[in-house]
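Numbering (our numbering), first residue to last: 710 to 1094.
Where is the CB? At the ideal position from N, CA and C, for every residue including glycine.
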Ligand SMILES: [Zn+2]
């Protein structure tokens, strides 16, 4: 049932056994840093709990549950910055209802640290539900930042701490789920730094637009090395800073279209799946709100990934300039790295510091393009380009 989730063999075993023996806790909190597949685990467990096949993963019912179309499976997502009191009220009101078609009802709450912002009245209702839920109810909470989750919530859940995933496990997952293998899988697994989500994005890129190559070409130009390969269109005549930003702008636009198209399909499916008008409208609104948040999140992720690629290139040049070639990340681009004109290690450390600061800016409400343009100006100050 957890085939699509990388690594985490121990946690999978524990959950599968508890499910088989019908001894699942009524409230779990999946905790650990981002990108470990926590939400995937919670979602797969939820699917197993509400489907008659117990989550075979291959049937229609599983597929519909995964797509959020099962009436006994609800995902409570933050609206804006918080999970609102109305959402908790609706949840509490729903609790006493018998399941529609399954034996159980399941609530998945991603980013449950956002429950910290709800007021005490709402928190108390939720806490009471967490403490003494009806027998058919299960809560699956997820958080990247468990230190921010209210202690009163943590103490009522069975906490499942997920460990970072090893490079070998990420590579194996890439081969099995994403069809990437050999050197490429090894490189992407190394670049993913323990995050399956990042690995999945890198794999999708390797299969499709291959933006990583283009970013690295501009990265090489930015720090004074040879171009390292052909760039498309005006890539070579444009200055590398603007060219790098233009790549990101194109990626952001493509991501926006992709999210919008998926949301449209989901709205259509939702409209077909629910005959009750109120329920249908509520679900469609939720799909649209989620799409909007998803666009913002993916836009930021694209920028963070682009910065990470640039940083990986600089880290590799730093490794070479320090005489530590064994530690390079972009192993599939070794030749190109070794052709680069090397600067002093100090130069790369300063540039990496500028990237780290820019990463932080992207989490604030700063215009993404402006943040990157400012970064390029500071780059030029360091490299004297
Ligand atoms: Zn199934």
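Helix, strand or coil for residue i per DSSP?
i	result
residue 848	strand
residue 869	strand
residue 739	strand
residue 783	strand
residue 981	helix
residue 1095	For residue 1095 there is no data in the structure shown, the boundaries of the chain being 710 and 1094.
residue 939	Because the pLDDT at residue 939 is just 42, under 50, the model does not fix this residue reliably, and the value given afterwards should be weighed accordingly. In this structure, residue 939 counts as coil in the three-state DSSP scheme.
residue 830	helix
residue 762	coil
residue 1045	helix
residue 1113	Any question about residue 1113 goes unanswered here, given that the chain covers just 710 to 1094.
residue 1038	coil
residue 777	coil
residue 947	coil
residue 768	coil
residue 859	coil
residue 809	coil
residue 1033	coil
residue 745	coil
residue 838	helix
residue 1062	helix
Applying the criterion that 16 or more other CB atoms from any shown protein chain within 10 Å of the CB defines a buried residue, is residue i buried or exposed?
i	result
residue 747	buried
residue 1036	exposed
residue 896	buried
residue 1062	exposed
residue 953	buried
residue 1021	buried
residue 806	exposed
residue 833	exposed
residue 870	exposed
residue 1104	Residue coverage of the chain in this structure runs from 710 to 1094, which leaves residue 1104 outside it and unanswerable.
residue 838	buried
For residue i, collect the residues of the same chain with a Cβ closer than 7 Å to its Cβ; drop the 5 residues on either side in sequence, then sort them by chain order.
i	result
residue 777	784
residue 1068	1013, 1016
residue 1071	1009, 1012, 1013, 1077, 1080
Between which two residues does the alpha helix (DSSP H) containing residue i stretch?
i	result
residue 1008	986-1030
residue 731	First-last for residue 731: undefined, no H or E at that position.
residue 1076	From DSSP, residue 1076 is part of no alpha helix (DSSP H); its letter is neither H nor E.
residue 896	891-901
residue 1053	Looking at the DSSP string, residue 1053 is not in any alpha helix (DSSP H), and its letter there is neither H nor E.
residue 927	920-931
residue 911	905-916
residue 874	Element bounds for residue 874: n/a, residue is neither H nor E.
Could you pull the start and end residues of the beta strand (DSSP E) that residue i belongs to?
i	result
residue 818	814-818
Leaving aside the five residues before and after residue i along the sequence, list all residues of the same chain whose C-beta is less than 6 Å from its C-beta, in chain order.
i	result
residue 811	759, 781
residue 937	Low confidence applies here, because residue 937 scores a pLDDT of 42, under 50, leaving its location unreliable; read the following figure in that light. Excluding residues within five positions, the ones whose Cβ falls inside 6 Å are 926, 929, 1045.
To which residues of the same chain is residue i closer than 8 Å at the C-beta, ignoring the five residues directly before and after it?
i	result
residue 1026	932, 934, 1046, 1049, 1051, 1052, 1057
residue 743	853, 904, 906
How would the residue list near ligand 1 read, in chain order, if you kept each one whose beta-carbon is closer than 7 Å to any heavy atom? 760, 762, 764, 765, 766, 767, 768, 770, 771
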